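Quick note: the sequence shown, position 205, residue 214 per this note's numbering, numbers continuous.
For every residue, glycine included, the Cβ atom is placed at its ideal position computed from N, Cα and C.
Keep in mind that this is a model prediction, so the values were computed, not measured.
Following: one structure in structure tokens, then a few remarks.
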Amino acid sequence: MYETILKDFESYIILEKNLSKNTKLSYSRDVKKFLEYCDTKNINFLTANHKTLEEYLFFLKEKKYTTSSLFRKTEAIKSFYRFLLIDGRIKENKFSSFKAPRIDRKLPDFLSIEDINKLLSLMNGRKLNILRTFVIIELLYSSGIRVSEASSLVIESLNLDQLWIRVTGKGSKERIVPINEDTRMLIKLYLDERQLHFEGRETDPYLFLNKSGKKISRVQIWKDIKKVAKEAGIKKNIYPHIFRHTFATHLLNGGADLKSISEMLGHSSLTTTQIYTHLDNSAIKSMHKKYHPEG
10 MYETILKDFE
20 SYIILEKNLS
30 KNTKLSYSRD
40 VKKFLEYCDT
50 KNINFLTANH
60 KTLEEYLFFL
70 KEKKYTTSSL
80 FRKTEAIKSF
90 YRFLLIDGRI
100 KENKFSSFKA
110 PRIDRKLPDF
120 LSIEDINKLL
130 SLMNGRKLNI
140 LRTFVIIELL
150 YSSGIRVSEA
160 SSLVIESLNL
170 DQLWIRVTGK
180 GSKERIVPIN
190 EDTRMLIKLY
200 LDERQLHFEG
210 RETDPYLFLN
220 KSGKKISRVQ
230 IWKDIKKVAK
240 EAGIKKNIYP
250 HIFRHTFATH
260 LLNGGADLKS
270 ISEMLGHSSL
280 TTTQIYTHLD
290 NSAIKSMHKK
300 YHPEG
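Now the structure itself:
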């Protein structure tokens, strides 16, 4: 019923808002659910108002949706009504001043250097799938790229001689990310083993392949990393994005400036990066001891 208008909205999101494909799908789903809700209440979505959205959010809250989910759904719906106004389907955007539910942002988890060393110390042998996991861990930690960016890396995006990789991030934005010598050596070792393993077989152009020679999934990366973390005896909840948090935190604690970190992470705004201005406990204690009169 809403297919045409939602397709137009999706095009608007990608072309005008420069949002990623995943965000496009999330926004489209969120808006569709709101339109279906309006139907059940016999409300024409073109005339929906603040009260409609407030009641919808209350309805979702009763279903135990998190504040962050409610925030995203509100932003999707507000974006939809901005699109309707621009497209001439409504004369007034009644949601322009609507305040999304406030989110108390949780500080990101991160690993200690000891945790990272524990993980990487388990690397042994040259079995391709094991080697692949450790290359991914090293790459995620040393470069700070997203797991979706790592799984989408193609071989031609690597410049191992110059120690950088070309990454395609959110909104199809490209950036150059530096890598270190350890990462370069591991990637080269992996590529050598990969070539032997798939010799004579047709494979996808991606750097990280599954056993069938196809692009590895994010779920597979998550499973592989969880397995290594368990073997390393790390009690924290380990997931691929924690290496991105760790990369940013360790750089900041090491003295890197926020703007440089933001550029390496591919953030469109410094505000996003500022959540990493927390420090680990040892750094806080050290600074207190060094600078406080009674330290």
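Query                                                                                                           : Result
Other residues of its chain near His301: CB distance less than 6 Å, five sequence neighbours each side excluded : With a pLDDT of only 41 at His301, under 50, the local geometry of the prediction cannot be trusted, and the value read off the model is given with reservation. Cβ within range, chain order: n/a, list empty.
Test item: CB-CB of Ala85 and Tyr36 under 8 Å                                                                   : yes
Phe256 vs Ile146 beta-carbon contact at 8 Å                                                                     : no
For Ala57 and Ser80, believed in contact at Cβ under 8 Å, the rounded distance                                  : Residue identity check: residue 80 is Phe in the sequence provided, not Ser. At roughly 19 Å, the Cβ-Cβ gap does not stay under 8 Å, so Phe80 and Ala57 are not in contact.
Proximity winner among Cys47, Ser157, Lys100, relative to Lys60 (alpha-carbon distances)                        : Cys47
Outcome for Arg210 when other beta-carbon atoms lying within 10 angstroms are tallied against a minimum of 16   : exposed
Bridge partner(s) assigned by DSSP for Val144                                                                   : Answer is none; Val144 lacks a bridge partner.
Cα-Cα separation, Leu55 to Ser88                                                                                : 14 Å
Terminal residues of the alpha helix (DSSP H) in which Ile185 lies                                              : Note, Ile185: premise wrong, no alpha helix (DSSP H); beta strand (DSSP E) at 183 to 187.
Whole beta strand (DSSP E) elements within the segment 179 to 249, 3-residue minimum                            : 183 to 187
Cβ pair Ala241, Leu149 closer than 8 Å                                                                          : no
Where Arg98 falls, given that 16 or more other Cβ within 10 Å makes a residue buried                            : exposed
Lys103 CB to nearest heavy atom of the ligand SAM below 7 Å                                                     : Absence of the ligand SAM from the depicted structure is noted, as is the absence of any ligand whatsoever, leaving it without description.
Where Thr392 falls: helix, strand or coil (DSSP)                                                                : Within the shown structure, residues of the chain are numbered from 10 to 304, placing residue 392 beyond reach of any answer.
Ile174, enclosing beta strand (DSSP E) - first and last residue                                                 : 173 to 177
Rounded separation between His297 and Thr76 - CA only                                                           : Residue placement at His297 cannot be trusted, given a pLDDT of 44 that sits under 50; what the coordinates show is reported in the next sentence. Approximately 35 Å, taken between the alpha carbons.
Cα-Cα separation, Leu120 to Leu274                                                                              : 17 Å
Bridge partner(s) assigned by DSSP for Val163                                                                   : Tyr215
Phe217 burial status per 10 Å Cβ neighbour count (16 or more: buried)                                           : buried
Three or more C-beta pairs below 8 Å linking the segment 226 to 238 and the segment 155 to 171                  : yes
Of the residues Gly178, Lys50, Asp39, the one placed nearest Ser161, counting alpha carbons only                : Gly178
Separation of Ser277 from Tyr90, as counted between CA atoms                                                    : 24 Å
Identity of the residue in Ser151, Arg203, Asp96 nearest Arg193 by Cα                                           : Ser151
Rounded separation between Lys41 and Lys33 - CA only                                                            : 12 Å
Cβ distance (whole Å) where Lys223 is taken to contact Asp233 below 8 Å                                         : No, Lys223 and Asp233 are not in contact; Cβ-Cβ is about 15 Å, not under 8 Å.
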